[in-house]
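So for the sequence shown, this note's numbering puts the first residue at 0; every next one is plus one.
For glycine and all other residues, C-beta sits at the position ideal for the given N, C-alpha and C.
Working notes, structure below.
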Amino acid sequence: MAIKPEVNIGLLADQLAALALISEAEPPQVTRVVFSDADMRARAYVNGLCAEAKLQLKVDAVGNTFARWEGGNAELAPIGTGSHIDAIPNAGSYDGTVGVLGGLEAIRALQRAGFKPKRSIELVIFTAEEPTRFGIGCLGSRMMGSVLSPAAARALRDKEGNGLDNLRRHAGFSGELETVAVRTGRFHQFLELHIEQGPLLEERGIDLGLVTAIAAPASLRIVVEGEGGHAGGKLMPGRKDALAAAAELILALESLARSTGAVDTVGTVGICEVFPGAVNSIPSKVRLETDIRDTDGARRDGVLEGLKLACAEVAVRRGVTVTTELVNADPPTLCDVEILAALEASAKEADRTWQKMVARAYHDSSFVACIAPVAMLFIPCRGGVSHRPDEYASREWIGAGVDVLARTLARLAG
Ligand code: GLV
Ligand code: MN
Ligand code: MN
0 MAIKPEVNIG LLADQLAALA LISEAEPPQV TRVVFSDADM RARAYVNGLC
50 AEAKLQLKVD AVGNTFARWE GGNAELAPIG TGSHIDAIPN AGSYDGTVGV
100 LGGLEAIRAL QRAGFKPKRS IELVIFTAEE PTRFGIGCLG SRMMGSVLSP
150 AAARALRDKE GNGLDNLRRH AGFSGELETV AVRTGRFHQF LELHIEQGPL
200 LEERGIDLGL VTAIAAPASL RIVVEGEGGH AGGKLMPGRK DALAAAAELI
250 LALESLARST GAVDTVGTVG ICEVFPGAVN SIPSKVRLET DIRDTDGARR
300 DGVLEGLKLA CAEVAVRRGV TVTTELVNAD PPTLCDVEIL AALEASAKEA
350 DRTWQKMVAR AYHDSSFVAC IAPVAMLFIP CRGGVSHRPD EYASREWIGA
400 GVDVLARTLA RLAG
């Protein structure tokens with residue numbers, strides 16, 4: 000008989016609102032950088048809720064948290080669900096958190112409905128999906144999927160030069176980083192609920208997005224070194240202004256991303272750090288952090304190569320030094336047809352409208368895909384707005400997502 004979970008949307012909305020108040024920035028802005036005080040308080044809040052739901056908590060050496068609802072057959076690999084609770088500076092309240100607190104409410108709704116899963120259901124709260132602190136996204140899931148080695152993780156530093164290894168130990172996550180990687184089969188299947196972070200579902204009045212593929216993200220760090228000097232004394236001929244050179248590279252990326260002709264290609268420079276950063280001083284050094292994505296990995300790589308060529312060309316023409324470092328270049332992820340079929344059946348059963356779509360943002364699911372079949376379930380967000388304080392998903396949208404998530408977890412867990 001089909002299970003009929005009753006989602007307590009009032010409780011979930013209150014918990015999302017309470018989590019949003021745990022922030023380094025003034026509400027409604029949400030800033031929760033990994034291993035910050037706000038991140039640690041948010042973890043404590045969510046762990047407390049998991050304990051109230053009688054889930055067994057485990058934490059790995061980098062802080063990935065696993066909250067398990069034990070199934071009837073301990074031999075069977077669990078079904079995973081979850082997302083992240085870290086937030087970029089000045090973000091909103093729903094990115095990641097809907098998958099974590101919504102995943103928890105899905106479990107609670109199944110518990111209330113008297114469902115007894117055969118497979119355990121595990122809620123996973125991944126460490127640092129956002130690249131804010133260490134410059135690389137999906138840190139926890141990337142390590143779980145062995146895409147980032149323990150040695151490479153140890154080499155990561157934040158802007159102040161603090162190493163990941165020290166910071167995570169200081170935050171209370173002990174054990175060796177070698178223990179974070181998990182084997183294939185650790186999860187039978189994994190399903191992540193998330194806001195769309197794009198406008199399509201809301202525009203079309205559709206309740207749910209069934210994600211068939213996750214776009215391939217890449218990041219190239221570019222350092223331009225020129226010649227500093229007095230902004231008044233040094234005349235224009237012969238200048239080697241690092242920022243003027245970097246400006247050409249920013250525009251080169253924009254033009255490369257536009258020139259593929261595909262709406263799926265996007266290129267962004269989100270960080271431009273200028274040294275010495277004084278109004279009357281010619282910039283001598285600039286660091287750019289770029290973000291390039293596409294649903295087609297080869298096309299994304301074309302943009303990446305084009306950008307490297309532009310770096311070489313600008314360096315010669317302007318007499319500056321340009322060095323590049325590839326931070327990551329991840330392949331696109333294909334979602335699992337079996338989980339998608341279960342999602343479709345659950346959406347139909349719940350009388351919800353849905354469409355298949357691709358995820359243009361990246362997600363922890365991309366890296367869980369290295370060790371288990373994955374899929375994602377999207378709900379609309381107003382105006383497609385995300386990574387901004389005015390990010391918003393209505394109770395109705397969230398409730399529909401959690402309802403279908405719960406039904407699907409029940410199908411998958413048996
Ligand atoms: C994740 O937040 C992303 O930038 O896609
Ligand atoms: Mn995000
Ligand atoms: Mn997210």
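Query, Result
"Does the separation of the CB atoms of W68 and I124 fall below 8 Å?", "no"
"Since K239 and E226 are thought to touch, with beta carbons under 8 Å apart, how far apart are those beta carbons, to the nearest angstrom?", "4 Å"
"Using the three-state DSSP reduction, which class does Q28 fall into: helix, strand or coil?", "coil"
"Tell me A241's beta-bridge partners as DSSP assigns them.", "Answer is none; A241 lacks a bridge partner."
"With distances taken between CB atoms, is the gap from V302 to G266 smaller than 8 Å?", "yes"
"In three-state DSSP terms, what is D300?", "helix"
"Between the Cα of V181 and those of A41, P149 and Q110, spot the shortest distance and give me the residue it belongs to.", "P149"
"Using the three-state DSSP reduction, which class does D293 fall into: helix, strand or coil?", "strand"
"Quick check on L122 - is its C-beta less than 8 Å from some C-beta in chain B?", "As a matter of chain content, chain B is missing from the structure shown, which is built from one protein chain."
"Within the same chain, show all residues whose beta-carbon is closer than 7 Å to that of G428, passing over the 5 residues directly before and after it, in chain order.", "The structure shown does not extend to residue 428, since the chain is modelled only from 0 to 413, so the question has no answer here."
"Between the C-alpha atoms of L415 and L109, what's the straight-line distance to the nearest angstrom?", "For residue 415 there is no data in the structure shown, the boundaries of the chain being 0 and 413."
"Helix, strand or coil for F366? Go by DSSP, reduced to three states.", "helix"
"Measure the C-alpha to C-alpha separation of V45 and D263 and round it to an integer number of angstroms.", "35 Å"
"Going along the chain, which unbroken runs of the beta strand (DSSP E) with 3 or more residues stay wholly within the segment 36-72?", "55-58 and 64-68"
"Would you identify the three-state DSSP class for L11, choosing helix, strand or coil?", "helix"
"For D363, which of L75, G71 and V146 has the nearest alpha-carbon?", "V146"
"Cβ of E202 within 8 Å of Cβ of K284?", "no"
"For the alpha helix (DSSP H) that contains K347, what are its first and last residues?", "V336 to E348"
"Report the CB separation of L333 from T407 in whole angstroms; it is logged as a contact under 8 Å.", "Rounded, the Cβ-Cβ distance is 18 Å, inconsistent with contact."
"Looking at S35: is its Cβ nearer than 8 Å to the Cβ of P77?", "no"
"Give the list of continuous alpha helix (DSSP H) stretches no shorter than 4 residues that lie fully inside the segment 86-128.", "96-111"
"Compute the minimum distance between the beta carbon of H187 and the heavy atoms of ligand 3, and state whether it is under 7 Å.", "no"
"Should L75 and H187 be called a contact, given that it needs their Cβ atoms to be closer than 8 Å?", "yes"
"Could you tell me which residues DSSP puts in a beta bridge with R351?", "Paired residues: none, contrary to the question."
"Beta carbon of D94: closer than 7 Å to some heavy atom of ligand 2?", "yes"
"Run through the DSSP bridge pairs and tell me what L207 is partnered with.", "W353"
"Three Cβ pairs or more, each shorter than 8 Å: is that satisfied between the segment 209-224 and the segment 293-309?", "yes"
"Where does the unbroken alpha helix (DSSP H) through P216 begin, and where does it stop?", "Segment A215 to E224 is the beta strand (DSSP E) holding P216; no alpha helix (DSSP H) there."
"Compute the Euclidean distance between the alpha carbons of A349 and A392, then round it to the nearest angstrom.", "19 Å"
"Does DSSP put T131 in a helix, a strand or coil?", "coil"
"DSSP beta-bridge partners for A371?", "None, per the DSSP bridge assignment."
"Spell out a yes or no on whether the segment 127-136 and the segment 81-88 are touching, meaning 3 or more CB-CB pairs, one atom from each, closer than 8 Å.", "yes"
"Enumerate in chain order the residues of its own chain whose CB-to-CB distance from D59 is below 6 Å, with the five nearest sequence positions on each side excluded.", "V179"
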